[in-house]
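Comments concern the structure below.
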Amino acid sequence: MGKLIDEKCEIKRIDDVEYIKQNIKESVNHNIDCMEISDNNNNNNTTYKINNVKIINKTNDENNEKDKMKILNNNENNMNPTIITKLKNINHEDNAISYNYTLVSYKNYNIFFISHNGKFASWVYSYNVFLPMSVDQETEIIFGERNYPYLEIFCSKFMKDHAAFLKYKPIIFAISIYNMSFNDTKILTQMFDHLSSIVMETPPAS
1 MGKLIDEKCE IKRIDDVEYI KQNIKESVNH NIDCMEISDN NNNNNTTYKI NNVKIINKTN
61 DENNEKDKMK ILNNNENNMN PTIITKLKNI NHEDNAISYN YTLVSYKNYN IFFISHNGKF
121 ASWVYSYNVF LPMSVDQETE IIFGERNYPY LEIFCSKFMK DHAAFLKYKP IIFAISIYNM
181 SFNDTKILTQ MFDHLSSIVM ETPPAS
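Take the sequence shown: its position 188, counted from the start at 1, is 188 in the UniProt record's numbering, and no numbers get skipped.
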């Protein structure tokens, strides 16, 4: 059986879903074109192996195209995230501030956006990003400062409490808090209680 040659599939923008889909399509077609061909009993049947799926390409066989489309569709489904959005109020002293929760779940990781009135996140925190995925692994500040220990504690505790439910997938938290109240434990408690309820109501992506 020939080896897959995948030089064409070079993903440059991981945030561009349509770009990724197009690369998958080109990669599947390119791999078929570039594979070595084995002759089965000299009957002009060609055997391909794409993504560990064996396809016998018979002359004028309509099922062959259907098989290739099944493989392509499976790849595309794995690229598409599950997105959940919720609006929750959090009490800041005498004010109730609305927060947008956007939970994006990919096959191998999660991104949780929490922001007041749709403002862009001012603090981005990753937990358990590098394999092997262990809840005891180091954390990393991607954007922001390590001046908010309570926020880090809440993020770490959330991951440990929900790791099994989320199938131990890495989480990236992107958070913006009204008046930069990153060390207010009352606000953080409300915020992560809301996040927990949203997550537990949503079946984890497989």
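Heads up, the beta-carbon is just placed ideally off N, CA and C, and yes, glycines get one too.
It should be emphasised that the depicted structure is a prediction, and the values quoted were computed from it without experimental measurement.
Per DSSP, tyrosine 109 lies in no alpha helix (DSSP H) segment and is marked neither H nor E.
In this structure, DSSP gives leucine 151 a helical state, which the three-state scheme calls helix.
At the C-beta level, tyrosine 125 and cysteine 155 come within 8 Å of one another. Residue state for threonine 85 is assigned as strand, using DSSP reduced to three classes.
In the three-state reduction of the DSSP assignment, threonine 189 falls in the helix class. Annotation: histidine 194 to lysine 169 spans about 20 Å, alpha carbon to alpha carbon. Counting the other CB atoms within 10 Å of its CB gives leucine 87 a total below 16, which places it among the exposed residues.
Cβ neighbours of isoleucine 84 within its own chain (closer than 6 Å, five residues either side excluded): Leu103 and Thr202. The shortest CA-to-CA distance from alanine 96 to any of Phe173, Val199, Asn179 and Asn183 is the one to Asn179. DSSP places isoleucine 177 in the coil class of the three-state scheme, outside both helix and strand. By the beta-carbon neighbour count (other beta carbons within 10 angstroms, threshold 16), methionine 200 is exposed. Asp161 is the residue among Thr82, Phe143 and Asp161 whose C-alpha sits nearest the C-alpha of phenylalanine 192.
Histidine 116 and lysine 186 have their C-alpha atoms some 16 Å from each other. In this structure, the alpha-carbon of glycine 144 lies about 5 Å from that of tryptophan 123. Within the same chain, Cβ atoms closer than 8 Å to the Cβ of proline 81 are found at Val104, Ser105, Tyr106 and Ala205, the five residues on either side in sequence being excluded. Here isoleucine 90 is near tyrosine 99, since their CB atoms are less than 8 Å apart.
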